[in-house]
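Residue 742 is where the sequence shown ends in this note's numbering, and the numbering goes up by one at each step.
Beta carbons: idealized from backbone N, C-alpha and C, even for Gly.
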Amino acid sequence: MTFRTQASTSKRLAVVAVSAAAALVGFSAGPAQALTYNMSTTGAAGTATYVGNGDWSLHAHDPLTDGHCARFQVKDTDDTSWRWYGDMVCSSADQYVTGARSLWSVRICRTGIGNCSAAVRL
């Protein structure tokens, strides 16, 4: 005696849907694509945009004309204190400042004033 079992169409489609969802989750497990963090403090604003392979692009602007400028501070994974990083931006035009690496903490500050944004971890 031979028994044949055949799954219904709805059960087969459910298995395909679950398999497709699992494939998408596995595909998106790497670093996020086109991820951007916005940071700001009084006068200074900056963005960190993921460009791939653990690299980030840092941009800044500072529209105030009081002689102070926007500048990033970074802290590497093992660092205990912040350090200035990249060039100052003293213009309201958004400018590329420098690159950064994943796992760094980054914040935008105003030079000479000491106010900084909340930090983001890249």
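Sub-7 Å separation of residue i and residue j beta-carbons
{"i": "W676", "j": "Q693", "result": "no"}
{"i": "T731", "j": "M708", "result": "yes"}
{"i": "R727", "j": "S737", "result": "yes"}
{"i": "T667", "j": "N658", "result": "yes"}
{"i": "A665", "j": "V717", "result": "no"}
{"i": "T662", "j": "N735", "result": "yes"}
Helix, strand or coil at residue i according to DSSP, with G and I counted as helix
{"i": "C736", "result": "strand"}
{"i": "L684", "result": "coil"}
{"i": "L655", "result": "coil"}
{"i": "T667", "result": "strand"}
{"i": "G706", "result": "strand"}
{"i": "R730", "result": "strand"}
{"i": "G672", "result": "strand"}
{"i": "F647", "result": "With a pLDDT of only 41 at F647, under the threshold of 50, the placement of this residue in the model should not be trusted; the figure read from the coordinates follows. Helix, per DSSP."}
{"i": "S701", "result": "coil"}
Residues that DSSP places opposite residue i in a beta bridge
{"i": "S725", "result": "K695 and R741"}
{"i": "V717", "result": "Beta-bridge pairing links V717 to no other residue."}
{"i": "S711", "result": "S711 pairs with nothing; no bridge assigned."}
Self-check item: Segment contact, 8 Å Cβ cut-off, at least three pairs: the segment 720 to 727 with the segment 684 to 691
Solution: Counting Cβ pairs under 8 Å, fewer than three are found: no touch.
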